[in-house]
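Chains as they are written, first to last, in my numbering: chain A, 1 to 256; chain B, 1001 to 1394.
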């Protein structure tokens, strides 16, 4: 069983997204460990990109802060390396294809393996184009996580067929960001997916409250929270440790 | 070529949420492009609404003053709405209506594509929302007001560099919020497949007419076809029918801003490297970590860090050549053409004129250079005044 799959074993998983380098790299290393202490079962580390077309305002701003604070890829790798020995939760990167492509697929995924990163989520790499990255990733044991959107319909079974790690079920149309109401029938979507895959399914995009976490974890195997966490860091900057731990602990406790 | 690739460029690198919309567009386009009814409706619009065919004008004063090859201007500036953008927009908006969409969205840099989109939406009874960088809204205020007059809503984009690149990001984000009733009408030969192919097909009329008109007037093909390149739609349209005519040089003019060594330019072919942005693999101005560089040009329409994938391919194969043209050269050409011929070109097109003049000077008098005059320059008058140290505001 992969380390990612283990994060879902015997429990519902809380997946926390943090932007590397926001407010700075040393502090984000501290926050990643704080998220683990508060109960996060899997950590998504965002690698900032200048043009994040799947992100809403909150994560866009975090990316700008991180890039301004000097969160270059080589430094992000150093930050993740510094977590070794302290981090037990599996780490996956979330970024756009260009930083990975320009660094070089082989070089990038080898580095991931060397520093203990298990997977990667690339929102602008759809199923049809996936092979160019997924093949080299597989060579180094890195799992490319597939996304399924509300618009995927008949694409679902093809996406699920080659999926690795877990399925990232995108809850809503549009971009990342806190939503008061999620209109998609998550239960029905999860059931559709169960019919075609045995991988764990985690729901993300728009989730911020314990009520939402409680509801979606009834059907899915985990929930993913990004913008709500990132906005806490945006608000508290270097003093977000306390609020962050409290927020994640509450969310984790709400999972059913 | 397979799956919208041109050599190693192209593809469909968009979020999963948009894949169904992209594929729906691909299928609709494949169907309607062979549909005689669609073709007829579009041809009639191009004739009776856009004013095609556009003139091929022999710039006699300019030619004599330069003292080299004959210079012809393909007058896309005379189209309705004042640029070549209407060719593509009529095609895509008609397609949107055939697909049953109620709303179109568009990005715009200089505002010419936005104005064309707003125009076509007004004509065909569709809603229209245009995304435009804050900086571009300031330098092209007149076009913002034109779009609003036409009934479109203009959204100010304040993310990133607040120019064309960010307007594309925001249009893609908006499309992912509302895919069902909306078509993203992209303005250049860029983005995910099928856009580079579809926009080229809709702009191809420029080169098709140019070839026919040139044969009628001169009984021969031009020695060179010159056009400015941002994303590259007017250039692709002008070049396409000449690709197999190996005697015709194809030359794209990139914005070199304050000079390609100044770090303030948008010269993608000269300075870019392979990357992935806005749904396509192509050449981009970017750093060693794949962060897209802020680019610069006096002309908002060329102020883009990438280039259409088919141009990158034509560059690789050597079939087309791409040259940098600075702000200063473009402004000189802008004034030169205005005074010699009484034709005020768009600043974008002035980049092409600048190089055409340079080239004509090197060629013999019996040779011919054709320039795509992609748009008219009314929108740029205030920007030129400011460049020259005045403080004219619209």
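Beta carbons are placed, not taken as given, at the ideal position from N, Cα and C, and that holds for glycine. Small disclaimer: the values here were computed from a predicted structure and weren't measured.
Query: The beta strand (DSSP E) that contains residue 1119/B, what's its start and end?; Result: That residue, residue 1119/B, is in no beta strand (DSSP E); its alpha helix (DSSP H) goes 1112 to 1124.
Query: Taking residue 60/A as part of the beta strand (DSSP E), name the residues at either end of that continuous run.; Result: No beta strand (DSSP E) holds residue 60/A; the alpha helix (DSSP H) holding it covers 57 to 68.
Query: Checking contacts by CB at 8 Å: is residue 1001/B closer than that to chain A?; Result: The predicted model places residue 1001/B with a pLDDT of 45, which falls under 50 and marks its position as unreliable, so this point remains unresolved.
Query: For the candidate residues 1080/B, 1171/B, 1037/B and 1262/B, whose alpha-carbon lies nearest to that of residue 56/A?; Result: 1171/B
Query: Can residue 1012/B and residue 129/A be called in contact, C-beta distance under 8 Å?; Result: yes
Query: Going along the region 1 to 17 of chain A in order, which residues come within less than 8 Å of chain B, judged by CB to CB distance?; Result: none
Query: Closer than 7 Å by beta-carbon distance: list the chain A residues that pair up with residue 1172/B, in chain order.; Result: 53
Query: Which bits of chain A does residue 1177/B rub up against, with CB to CB less than 7 Å?; Result: 173 and 174
Query: If you draw a straight line from the C-alpha of residue 1284/B to the C-alpha of residue 1168/B, how long is it?; Result: 15 Å
Query: Taking a contact to mean a Cβ-Cβ separation below 8 Å, would you say residue 1348/B touches residue 1302/B in this structure?; Result: yes
Query: Determine, for residue 105/A, whether the minimum Cβ-Cβ distance to residues of chain B falls below 8 Å.; Result: no
Query: So which residues on chain A does residue 1129/B lean against when the C-beta distance must stay under 9 Å?; Result: In chain order: nothing, as chain A lies at least about 15 Å away.
Query: With DSSP collapsed to three states, give me the class of residue 1129/B.; Result: strand
Query: Does DSSP put residue 164/A in a helix, in a strand, or in coil?; Result: coil
Query: Let me know if residue 1048/B comes out buried or exposed under the rule of 16 or more other beta-carbons within 10 Å of its beta-carbon.; Result: exposed
Query: Any idea if residue 96/A is buried or exposed, counting beta-carbon neighbours within 10 angstroms, 16 or more meaning buried?; Result: buried
Query: Using a Cβ cut-off of 8 Å (strictly closer), state whether residue 1381/B contacts chain A.; Result: no
Query: Helix, strand or coil: how does DSSP classify residue 1162/B here?; Result: coil
Query: Span of the beta strand (DSSP E) holding residue 18/A?; Result: 13 to 19
Query: Taking residue 1243/B and residue 1319/B to be in contact with their CB atoms under 8 Å, please state how far apart those CB atoms are, rounded to whole angstroms.; Result: 6 Å
Query: Between 1233/B, 1095/B, 1088/B and 1151/B, which has its C-alpha nearest residue 1118/B's C-alpha?; Result: 1151/B
Query: Let me check understanding here. Comparing Cα to Cα, which of 1064/B, 1291/B, 1101/B and 1029/B lies closest to residue 1305/B?; Result: 1291/B
Query: The beta strand (DSSP E) spanning residue 1278/B covers which residue range?; Result: Looking at the DSSP string, residue 1278/B is not in any beta strand (DSSP E), and its letter there is neither H nor E.
Query: Helix, strand or coil: which one does DSSP assign to residue 1001/B?; Result: Summary for residue 1001/B: the model assigns pLDDT 45, below 50, so the residue's position carries little reliability; its value from the coordinates is reported in the next sentence. The answer is coil: DSSP assigns residue 1001/B none of H, G, I, E or B.
Query: From the DSSP output, in three-state form, read off residue 1190/B for me.; Result: coil
Query: Confirm, please, whether the CB-CB distance from residue 1282/B to residue 1351/B is below 8 Å.; Result: no
Query: Looking only at C-alpha atoms, which of 109/A, 11/A, 162/A and 76/A sits nearest to residue 22/A?; Result: 76/A
Query: For the ligand ADP, is there a heavy atom less than 7 Å away from the beta-carbon of residue 1085/B?; Result: In terms of ligand content, the structure shown is empty, and the ligand ADP therefore cannot be addressed.
Query: Near residue 1020/B, which residues of its chain fall below 8 Å by C-beta distance, leaving aside the five closest residues on each side in sequence?; Result: 1179
Query: Starting from residue 1019/B, find everything on chain A with Cβ-Cβ shorter than 8 Å and list it in chain order.; Result: 126, 127, 128, 149, 151, 152 and 155
Query: Hey, is residue 99/A's beta-carbon within less than 8 Å of any beta-carbon in chain B?; Result: yes
Query: With 8 Å as the threshold, decide whether the Cβ of residue 1016/B is near any Cβ in chain A.; Result: yes
Query: Taking the alpha helix (DSSP H) that residue 1271/B belongs to, which residues open and close that run?; Result: 1268 to 1271
Query: If you draw a straight line from the alpha carbon of residue 27/A to that of residue 243/A, how long is it in whole angstroms?; Result: 14 Å
Query: Starting from residue 1155/B, follow its DSSP beta bridges and name the residues at the other end.; Result: 1131/B
Query: Within 10 angstroms of its Cβ, does residue 164/A collect 16 or more other Cβ (buried), or is it exposed?; Result: buried
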